[in-house]
Structure formats: C-alpha cells, structure tokens
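Chains as they are written, first to last, in this note's numbering: chain A, 1 to 437; chain B, 1 to 506.
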C-alpha cells in the first residue's frame, strides 16, 4: 500500500461509515436526520443513495432543493447512477430543465405525481405552492442550510419524515426585511431550518457529519475548518495538489509571485497598496489585478496537479468571486474576452460549484469600517472553499490593520450568539492564515 | 450608500443645500385634523415616560408630566390621559370611528420615540397590578401601543411617520449620516436660507439640543436631580412639595414641547413639498388599512363582543406559525412597496439601476414568435456590459412604468461591450390602456428599465398557508402531535454495498 493509500484508507472508512449510518436511518425510518457536510464532501453522493435505497424499499420519496438548477443536476445524477429508480422532475411548465436523460420523467401538474413508490425532485417553492400533495414517506432536503424555517414550515404536508442535508458553514438564508421582532423567537422564521432544529433540544433528531472534503486541498481545509463546529479532514495530503507553471517569468511582478506560490500551497494572497484617499466599491485597479492573475496563469500554461492527474488550465477551470455586483461588473470588464469562460459571480451564486483555481476579491477589501454584514462568515467561507487546487485572494493591504482596529459591536438579541464577534475573530484568523501562506 | 446617493449628496454639497431625492414623495398629505403628533421624554435609564406631548399640528399640544417617572401610579394616570386620545384617534371601537388610513398619520420626531410605544406595550398590555376598574383600559392602551410598534416595523406602511426618516428619504443632505439622525439638524439644513455655511452653522446650533426621548444629561443632573430629590424627600415625610413639582413640570414639559414642535415642523415641511405624491401611495395605504383592521381593530371589536382574542407577546411571536405568517406578511409588503414605488418614479428607477436592482437597456428588435392567435412577443435588448446586474437567464422581470408587463430573460449573451438580452414578454402581451401591444415595432429604439419581477402574491399566499398544521410533517414544523416511530426491525446487510448494487453495472 502506498503512503497516499494508507493515509486515505481510514478516511475512506470514516466516510463509508457515515454513509452506512444515513442509509440505516432511512432503512429504520428515523423521523428526523440532519447531515452536516463540509464543502466538497459528497453530500449529493449520500443524497442520491438515500433516495435510491428508500425507493428500493418501496417508499415514496420527495426531494426538495433550493433552486431549479440544483434540482435538475440532482435528477441527472440520479438518472445516471441509479437509472432503475426512475426519478421524476416536478417543475412548473415555464421552466426548461434541459436534457435530464431518459431515466427521468418531467411532470408539471400535481395530479401527475405518482401514487406508488417513487423519487420526485422539486424545489422547495414548488412543493410549498402545490395544493393537495399526496403524502410521501420521506422528504429529503438538499442544501437545507439555505432554507429558512418559514419556508420549511410550508413543507409540512409533504411527508412525516425528514432528512436534511447541507453545509452549515455557508451563507445563511437571504433576508430582505428587518427581523428584530423574531430574533428571540424559538422558531425564528428567517433562520436556517436546521439551525432552528438544532437550537431546540426537545426535537428528537439524529445528527451525522461527513468527515472528509474531497474537493479542498490539504492546507485549505486547515483554513476552512475553523468555520465549522465539527471536525473534518482533507482527502488530499500535503503537497498532492499544486499549480505547476510551464514557463518561467520574464519580469518580477506581484501577480507572478502570487501564482508561483500556488506551487507550494493552495492559498496565495496578492495585496495592492491602499490609496490614501480611500477605495471605491468598484475598485478597477483591483479588478485589473484579478484579471491579470487569470491571464498570467493561462499565459504561463499553468498545470493543475491533483495527485496523479495533471491538466493544463483552461479558462473554464478558473472562477472569480466578489461579494458586490458592482465589483463583479468591473471584473467582467477587466477580463474582456475571457469573461464567459471564466465564471464571475457572487458567493451566493457560487454555492455548490467548484473550479480548479479561484480568484477571490477579499470581502473586506476597501471596507474601512466593517459592519455586521461585512463580518458575516458565510461569504468568506464560500469564497475560500470553491477551489480544488489553488485560491488567489486579491485585496487592498489595509485589511489586517482594519481588523486590528475594528471593535465589533455585540448587537445580537438576548441569548443569541455574538455573530459579529465571531465573524471578527474568524476574519482575523483567516487573514493571518492568508498573509502567512 | 450606492453610487446614486453618493453622487446626489455630492451635488447637494456643491449646491450648498439639500436636494430632492425622487420625483415623487411617499407622503399622503393628511389634513392637520387627521394627524396626531406625539413626543416623549424620559429619565435616563428608565423606560417610563416623564412627559408626553400630543395633539394635532394646527393647535397647541396637550402636555402631561409626572414629578418622578419611577412612580408607577402617577405614570399610569398620565399615560391614560394620553391613551384616551390615542384610542380615539385610532378609532377604537369604544372610543371612536374606524380610521381611514389613507387620510391619516401619526407623526413622531424620531425612532427613539417609536421605541416608547414598545415600552408602553411592555408595561400595560398584560398589566394586572392596577386597580380593577382600570385594568381593561390600561390593557387596551398597551395593546394599541404594541400594534403601533409592530406596524411601524412593517415595510411600506403609510400610517406611522418618523419625521426625521421621512425627511431624509425625501432629501439628500450634504452631511454625515450620523448627524442626520437629529431632526433639528435636518430641519435647519432644509429651512435655513443662505449658503452652505449659513445652513451648516444653523444645523450645528440646532444639533446642540437633544431631540431623542432621553433628556440632556447636564440638564437632568444639574437642574432636575436637585428638584427630584427635594420632591421625594417631602414625599417620604408625607408632604407635597408643590414648588419642586411645578419646577420639574416646567422643565420636562418645555423639553417635550420642543420635540413635539420639531415633529410639527417636519410635518409642515413634508406637507409643503411641491413634488406629487407617488401613485403607489394609494396601494400602500390600502395595505396599511388592511393591517390596521385585521391586526388590531378586529381583535378590539371582538373583545367588545365579549370574546378573548389572542394578544401578541410584546417581545416576539412565540408561536411558530404566527412568527412565520407575520414574517411573510412583512416580506409581502416589502415586495409590493419596492416595485410600486419604482413604477411611479424615474429617479427611483435610476437609483435601482445603479444598485444593480434594475437594468436599463435599449430595445433593438421586436418580433412575435406566436403562431395563430397566440402571441409571444420577444424583445432583443442591449445593455452596457459593465452595468451591474443580478439578472440572468431565467430571471423574471417587469418593465418599469408598465406595471404588469412582465417577461422572462430567455438568453443573456455578451458581444463586444454590450450585453444582449432576449426578453420573452409573458404579462400584458397585447397591451392595455395606454400601453401598446408588446410586439409593436415602434418599441425599437425605446429605452426600458427592467425591474426584478417580485413574487408578492406567492408570498402573500404563504402567509396564510403557513397556518395549516394538518400535514404529516406538522409534528416537526408546527409542533403538533408526536413524531412517527422508527421501524422496529432492522436488516443486518451492508447497506453501502447493497445500494451500490442498485446502480447496476458500471
């Protein structure tokens, strides 16, 4: 057995044990199971197997996702991996799910829902707006930490048993209205459904945790793990993933130095001086630096090494992320022809996606007085966990000083977690980790 | 602050005076007789009012105070004087006729005065330690104060007016946000003549006087504390210190009267604004009327009929269904309010465009892909590539200024420096009233703003459906009954291998 294989053997066993436990929960029809999954740990892998087993045992299974694209992807995977399951995609007639494969049936009317054992996939919104849903045996919820409790309540008629799967480190459900009235409610309608359940000890449930991230490089797991309240490991070992550059640099620039650091570790920080007059929210100079990182990676024919696998990077292997739409517009502008193949989006839209290399604009870059919104950890966690090989964080250089000088305000409701304080501590730790990388 | 607000504030700075925000105002211009202006002051660290001023803006206010706001009985008597007028103004079934919300307003100087309604709710909505004869009336006042406080937090409500906030929403004032939380400061900028320096100086002077519910600490320490001490000493000796009581009243009533007058000045400024009221106001006022009737007056009417309707907890909605239903109701109001206000106001649309919440583009092509009698108008629209947007393929949008004309972005592509959108019109395809048929070729060359099409009606439906706790999963979602049992017998096979076998050969 090689060193890599011997290191991965216990990880494989641990992951298999959790999958077995969840399947056993399905088999024994546990009323409520929560599965916490770190980024890239195979939650969809577990979900499709849970659905396949339940269907095989003659159960009617409903699956709720948070977006149509998540539902479409899940159906494709079910159809491909378990074609005999004969999954149904339940969606409105105005949505075109594309080619889901021959094993998946698309239905749009509630009266067409099958009466026998089946797996039916729809969005939470679709389940919530369908009248007289024939009762299912089990409801599996994908990306459950993105679903507010109020939306979850509308799923009461669907099934008596629930399996909630998701990533607790990601962005909390989007709230567009002031919510102080419900901050101290035990069933706060704006909070993530699993968070409400976990906050109420009287609710009988089983909690499982996936133990390994296959997506993230070894040293990135060290950074990302602090966002979670449970331990997990990296499938890849130290140095197994890296960027190798085929050409040597011809000039000494910060951008080249930043991408060269990806040969030694998965994290690299590129900082630009902070102008004395301040930084605009759509920082064109920073956007230009981000685009230059992409261009230099491609110009130097960067190769992504993932264990035995080696692949020259193409624009489609690279993604860009920034928290503000105005900044994303500047990134698109700076990329020019590369915009399109190189996906540029907000952390909210990156959830569930991955690329070999990511270029991220630090969420506090240009923010001289961080607010609770800026210090929320979900976006930072998402931005730091989309890459398989390397992450280049681009930022103005004031962030470390800004965090040192920042006094976070504990404005949470009585008995609630000091989210600002936690965010400040995690941002500081993450910055130090990046700065030391 | 987005780019629109930043630029406008900079322009206001250059002009040396506040500049209007928006082409319309979200202000219904209620008559003075239908407007109740209220202001409070309190002792530092205390939650009860020390003095209250209330009344219509065309007459001197009623003013009431107590010598010591820590004396609960005195405060209750003062609060009830105010309370009877408040109940009458709000049309309590036993005190007056139903309010026409579109024609009425309750104006306070600032946000801290609204908080006092919450304190009155805490103190009185469920009070029992009061003389039997007063319990009902005290509780009634507490419930109304609670509704006022909750309604004030509902987006797009039209009845309750924070004068400071309303002025700030209507005008760009060239100073820091923090200082604009002071009503006197804001009014000085708006009403002082002369250049920037003159206005700035007047605002700075106005800022020296506190306008929140808490008194100036120096005034309280140096002027009121000795009087209060003297009054309490006399009371302990079972004497009445009339002189101290009168002196205290003189100070706190002058303070509360000054705050009340500032709110009236704010009201006058809003009334005198030359801009028209937004066309959306009637829709938002109707929503507010519904909330007023269902969330407060219906329950009070039921109580007069001997029933005992539910009284919301002052702190939060403890029942999950109630919390979720109100959450959806507030979300619905926000969605309706946002879009309704945008449709009637080009400036607001421009602001939304800069924030990425709306997208401005030029129609380059119009065609009808329908067959037979079916019409499917499709617009090809070009927008600058660098314009921030959250719209993507599949996004549902509504055309600004043509409420109800909705569509779906079928394709979003980039070409050179433009973003090309294909918009399939799905709502108001054939035109209505002043609107042309969506396939009319004369749309080519027209600039349109696309707003995010909201799901307000769906959200409204959710606010009702969330009460339905009859489903099989209600044991978890609604706390009904016990959870279902596990199955007793369990198989011993290796389930992981078994499931992998279900996938068939690879």
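All C-beta atoms, glycine included, are put in the ideal place defined by N, C-alpha and C. Because the structure is a prediction, the values reported are computed rather than measured.
- Close CB contacts of residue 197 of chain A within its chain, under the 8 Å cut and outside five residues either way in sequence, are with 32, 34, 164, 203 and 205 (chain order).
- Under the Cβ distance rule, residue 131 of chain B does not count among the residues neighbouring chain A, no pair being separated by less than 8 Å.
- Within chain A, no C-beta atom comes nearer than 7 Å to that of residue 71 of chain B; the closest sits roughly 28 Å away.
- Residue 62 of chain B places its beta carbon 8 Å or farther from that of residue 50 of chain B.
- Counting only unbroken stretches of 3 or more residues, the beta strand (DSSP E) elements lying wholly within the stretch 172 to 229 of chain A are 206 to 209, in sequence order.
- Comparing alpha-carbon positions, the option among B:470, B:472, B:474 and B:261 lying closest to residue 57 of chain B turns out to be B:261.
- No residue range can be given for residue 340 of chain A, since it is assigned to no alpha helix (DSSP H) and is classified by DSSP as neither H nor E.
- Contact annotation: residue 378 of chain B and residue 452 of chain B have beta-carbon atoms that are not nearer than 8 Å.
- Nearest CB-CB separation between residue 37 of chain B and chain A: not below the 8 Å threshold.
- Looking at the backbone, the Cα of residue 317 of chain A and that of residue 294 of chain A are separated by about 10 Å.
- According to the DSSP secondary-structure assignment, residue 164 of chain B is paired through a beta bridge with no residue.
- In this structure, DSSP gives residue 65 of chain B an extended state, which the three-state scheme calls strand.
- Restricted to the stretch 216 to 284 of chain B, not a single beta strand (DSSP E) segment is unbroken, complete and at least 3 residues in length.
- Straight across, the Cα-Cα distance linking residue 148 of chain B with residue 46 of chain B is about 21 Å.
- By the rule that beta-carbons nearer than 8 Å mark a contact, residue 316 of chain B touches chain A.
- Neighbours of residue 102 of chain A across chain B, judged by C-beta separation under 7 Å, do not exist; the nearest C-beta is about 14 Å away.
- Nearest in C-alpha terms to residue 350 of chain A, of all of A:94, A:146 and A:241, is A:146.
- Under DSSP, residue 88 of chain A forms a beta bridge with A:105 and A:120.
- Relative to residue 156 of chain A, the option among A:86, A:201 and A:62 whose CA is nearest is A:62.
- Identification of residues in the stretch 183 to 197 of chain A having a C-beta nearer than 8 Å to some C-beta of chain B yields 183, 184, 185, 186, 187, 188, 189, 190 and 197, given in sequence order.
- Judged by pairs of C-beta atoms under 8 Å, the stretch 330 to 340 of chain B touches the stretch 442 to 456 of chain B, as three or more such pairs exist.
- Bounds of the alpha helix (DSSP H) holding residue 475 of chain B are 474 to 477.
- In the DSSP annotation of this structure, the continuous segment of the alpha helix (DSSP H) that includes residue 137 of chain B starts and ends at 132 to 152.
- DSSP, reduced to helix, strand and coil, places residue 301 of chain B within a helical segment of the structure shown.
- Residues of chain A with a Cβ closer than 8 Å to the Cβ of residue 118 of chain B do not exist, since the nearest Cβ in that chain sits about 10 Å away.
- Secondary structure at residue 56 of chain A: helix, using DSSP grouped into helix, strand and coil.
- For the pair residue 223 of chain B and residue 189 of chain A, the CB atoms are not nearer than the 8 Å cut-off.
- Note on geometry: alpha-carbon atoms of residue 114 of chain B and residue 163 of chain B lie some 11 Å from one another.
- Using beta-carbon distances, residue 153 of chain A counts as an interface residue toward chain B, with a partner under 8 Å.
- Contact between residue 101 of chain B and residue 289 of chain B holds: CB atoms are separated by about 4 Å, below the 8 Å threshold.
- Proximity of residue 387 of chain B to chain A, defined by a Cβ-Cβ separation below 8 Å, is satisfied.
- If you check the CB distance, residue 160 of chain B and residue 270 of chain B do not come in under 8 Å.
- Interface with chain B (8 Å Cβ-Cβ cutoff): residue 328 of chain A is included.
- If you check the CB distance, residue 172 of chain B and residue 279 of chain B do not come in under 8 Å.
- Relative to the Cα of residue 181 of chain A, the nearest Cα in the group B:201, B:150 and B:192 belongs to B:150.
- Residues of the stretch 94 to 126 of chain B that bring their beta carbon within less than 9 Å of a beta carbon in chain A are absent altogether.
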